[in-house]
Amino acid sequence: MNTHDYWMIAAFFALVLIPAPWLGRYLFRAMEGERTWLTPVLGPIERICYRSAGIDEHSEHDWKTYSLALLALTAVSLVSLFTMLMLQARLPLNPQAVPGMAWDLAFNTAVSFVTNTNWQAYSGEAQLSYFSQMVGLGVQNFVSPAVGLAVLVVLCRALSRRSAKAIGNFWVDLTRAVLYCLLPFCVVLALVLVWQGVPQSFSGYVQAVTLQGGEQTIPLGPAASQIAIKQLGTNGGGFFGVNSAHPFENPTAWSNLFEMVSIILIPTALVFMFGHYVRDLRQSRAILACMLTVFVLGLGVTLAAEHQVNPMLSGLAVEQVGSMEGKESRLGIAASALWATTTSAASNGSVNAMHDSFSALGGMVPLVNMMLGEIIFGGVGAGLYGMLLFVLITVFLAGLMIGRTPEYLGKKLEAREVRLLVATLLVMPVGVLVLTAIGVSLSGPAESITNPGPHGLSQILYAYTSGTGNNGSAFAGFGAATPYHNLMIAFAMLLGRFGFILPVLAIAGGLAAKNRAPIDANSFPTHGPMFVLLLTLVILLVGGLTFLPALALGPVAEHFLLQGF
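All residue numbers for the sequence shown refer to my numbering, where the first residue is 181 and numbers rise by one.
Pasting the structure below:
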């Protein structure tokens with residue numbers, strides 16, 4: 181690493197952590213309908229939305245009604261997007277005359293964007309029209325993170341309210357999440373990206389003649405606006421096939437930095453928003469400390485692994501400067517490693533390098549980040565409510581150890597909550613291990629693996645981990661564009677999304693109805709260094725016990741084989 185790399189990493193953390201407390205307070209006020217500096221502009225638009233849709237912004241739902249509204253929106257979104265992708269050849273804004281998608285790929289893509297996964301078994305510039313990119317995927321890039329944020333807000337209210345039956349109005353929460361929390365930031369980032377050279381055009385593709393006299397097709401399109409929400413909404417689906425490794429998505433070192441920062445800016449701010457809800461910012465600092473601890477550990481391993489030379493080339497007359505395979509030379513190793521760690525920690529899934537070409541240990545870090553449940557910052561809303569589930573599990577285990585009824589912020593955890601917490605712990609093992617085992621056991625699906633040995637297992641393991649974790653990144657050598665994998669990964673994405681959302685809403689409904697007991701000297705403290713350590717160990721222990729055997733057969737075995745063992 182050189183001085184530039186250290187400055188880049190320092191700038192990344194500074195641009196994320198310095199504005200996060202202010203943004204957290206802003207998001208709290210916006211989601212609760214309090215006046216913000218954008219209210220004079222967005223307030224009238226918000227009221228028009230309510231009147232046109234017949235929404236009473238002052239009425240609230242119980243958790244069951246809230247869940248039904250959320251599921252209804254998801255169903256409508258899924259059917260609409262699926263139909264649009266199938267019929268895109270007949271829709272406007274299709275200058276390249278792109279045909280409709282096959283039904284299995286259209287279903288996989290629709291599920292992917294509705295669940296905030298943005299898994300892409302297609303190449304955007306070759307298989308999507310401008311209309312599908314903007315009206316189809318672009319709309320879901322706003323709606324899906326807004327749904328995650330709404331669910332988080334429900335859990336925050338449940339922990340702060342006393343003996344309440346209602347937990348909020350889904351349609352109001354969704355509207356505020358889009359208008360106040362996503363749209364303003366996206367407008368700013370899109371303008372910055374246009375300034376840096378990202379195209380924003382409805383023109384058709386350009387045919388150019390190269391220096392060698394051959395023809396080259398240069399894809400264009402309304403990319404900047406899509407990339408802004410792709411990053412800020414922790415969506416990750418690229419406008420172009422190679423995502424932010426494409427020079428039109430990520431043309432400069434500055435665009436690379438801004439896009440990395442935007443991945444975890446809102447998830448970090450939401451940690452402070454939670455502190456404002458429960459009126460205790462010490463809780464926010466404890467959770468953020470845990471997130472940063474695991475994040476920095478992963479970043480350190482990735483940087484160290486990717487700066488090592490390939491041992492298979494050590495005996496050859498080849499000068500090595502680290503593992504540059506699959507990376508953009510204009511960005512370098514450190515920027516690629518930082519992006520890979522960030523995108524996998526935040527369930528974003530965008531890439532500026534090919535993870536399939538990372539070293540065995542360097543590629544294992546994104547895999548582990550996803551296996552932990554996408555709680556290290558995680559997706560917009562989804563990351564923090566996943567982390568709060570681990571907080572509740574940690575409090576429950578601590579209560580067992582000291583012989584007290586477990587409680588968090590004065591809310592007692594009883595049998596119903598514990599059963600729901602355990603149910604969420606089963607989502608990742610079922611979606612990852614069971615579906616991977618089925619995939620490698622069947623001869624047809626196993627043919628999608630393009631590498632023999634441990635790395636081949638890592639490819640399919642990564643695919644189903646990414647799907648279940650709603651991340652969307654991939655070891656791109658894996659041939660996922662088959663009917664079997666399109667349908668099974670779609671199932672994994674639905675399981676990973678609603679296997680958490682529905683238990684979280686049920687837990688929130690139960691906690692909201694409970695009285696909040698006063699916190700005294702006998703209460704288990706959940707804001708100090710001891711709790712941060714305990715929470716971190718619980719997260720790593722649960723992930724280790726669940727996935728260590730699979731990791732040992734995949735990236736760990738590959739690492740030792742490369743070392744000559």
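For glycine and all other residues, C-beta sits at the position ideal for the given N, C-alpha and C. Here the structure is a predicted model, which means the values were calculated and not measured.
Just to confirm the assignment, what range does the beta strand (DSSP E) spanning Gln396 have? 395-398
For Val602, report the span of its alpha helix (DSSP H) as first-last. 595-605
In angstroms, rounded to a whole number, what distance separates the CA positions of Phe350 and Ser247? 8 Å
Is Ala388 helix, strand or coil when you go by DSSP? strand
Residues of its chain near Val196, where Cβ-Cβ distance is below 7 Å and the 5 sequence neighbours each way are ignored: Val441, Ile444, Leu445, Thr448
Sort Met471, Val327, Gly348, Gln313 by Cα distance to Ala252 and report the nearest one. Val327
Three or more C-beta pairs under 8 Å: does that hold for the stretch 731-745 against the stretch 534-548? yes
Residues that Pro402 bridges to, as DSSP identifies them: Gln380
Could you say if the stretch 720-731 and the stretch 549-558 meet the contact criterion of at least three C-beta pairs nearer than 8 Å? yes
Go ahead and pull the three-state DSSP assignment for His707. coil
DSSP-derived helix/strand/coil call for Lys507: strand
Starting from the C-beta of Leu203, find all residues in its chain whose C-beta is less than 6 Å away, skip the five residues before and the five after it, and write them out in chain order. Ala449
From Glu594 to Tyr588, what distance separates their C-alpha atoms? 11 Å
Write down every uninterrupted run of the alpha helix (DSSP H) in the stretch 288-342 whose length is 4 residues or greater and which is fully enclosed by it, in chain order. 304-307, 319-340
List the whole-angstrom C-beta distance separating Thr219 from Asn296, where the pair is believed to meet the contact cut-off of C-beta under 8 Å. With 8 Å as the limit, Thr219 and Asn296 do not qualify as a contact, their Cβ atoms being about 27 Å apart.
Tell me whether the stretch 639-658 and the stretch 599-617 touch, counting them as touching only if at least three CB pairs, one residue from each stretch, are closer than 8 Å. yes
Burial state of Ala732 (16 or more Cβ within 10 Å): exposed
If contacts are defined as beta-carbon pairs under 8 Å, then Leu250 and Tyr360 qualify, I think. What distance do you get, rounded to the angstrom? The Cβ separation is near 19 Å, so there is no contact.
Run the CB neighbour count on Leu713, radius 10 Å, all protein chains shown included, and call it buried at 16 or more, exposed below. exposed
Run through DSSP, which three-state label would Glu439 get? helix
Determine which residues share a DSSP beta bridge with Thr591 and list them. Looking at the sequence itself, residue 591 is Lys, so the reference to Thr does not match. Answer is Tyr588.
Where Asn490 and Phe745 are concerned, what is the direct C-alpha to C-alpha distance, given to the nearest angstrom? 15 Å
How is Ala562 classed by DSSP in three states: helix, strand or coil? helix
Got a sec? Which residues, its chain only, sit under 7 Å from Leu600 by beta carbon, not counting five neighbours each side? Pro683, Ala686, Ile687
Residue span of the alpha helix (DSSP H) that contains Tyr664, given as start and end: 663-692
Could you check the C-alpha separation between Ser343 and Gly418 for me, to the nearest Å? 44 Å
Considering Cα atoms alone, identify which of Ser303, Ala194, Ala338, Met266 is closest to Arg696. Ala338
Boundaries of the alpha helix (DSSP H) in which Tyr642 is found, first to last residue: 634-648
Can you give me the Cβ contacts of Gly636 inside the same chain, cut-off strictly under 8 Å, excluding the 5 residues immediately before and after it? Ile629, Thr630
Just the C-alpha distance for Met608 and Leu371, rounded to the nearest angstrom, thanks. 38 Å
How would you write the range of the alpha helix (DSSP H) that Val481 sits in, first residue to last? 461-486
Nearest to Ile189 by alpha carbon, out of Trp519, Leu271, Glu486? Trp519
Determine the extent of the alpha helix (DSSP H) in which Gly213 is found, giving its start and end residues. Counting along the chain, Gly213 falls outside any alpha helix (DSSP H), and DSSP gives it neither H nor E.
Between Leu479, Leu267, Pro546, Tyr644, which lies nearest to Val278 when the distance is taken from Cα to Cα? Leu267
Residues in the same chain with beta-carbon distance under 6 Å from Gly506, minus the five sequence neighbours each way, listed in chain order, please. Ala533, Met534, Ser537
Residues sharing a beta bridge with Ala533, DSSP: Lys507
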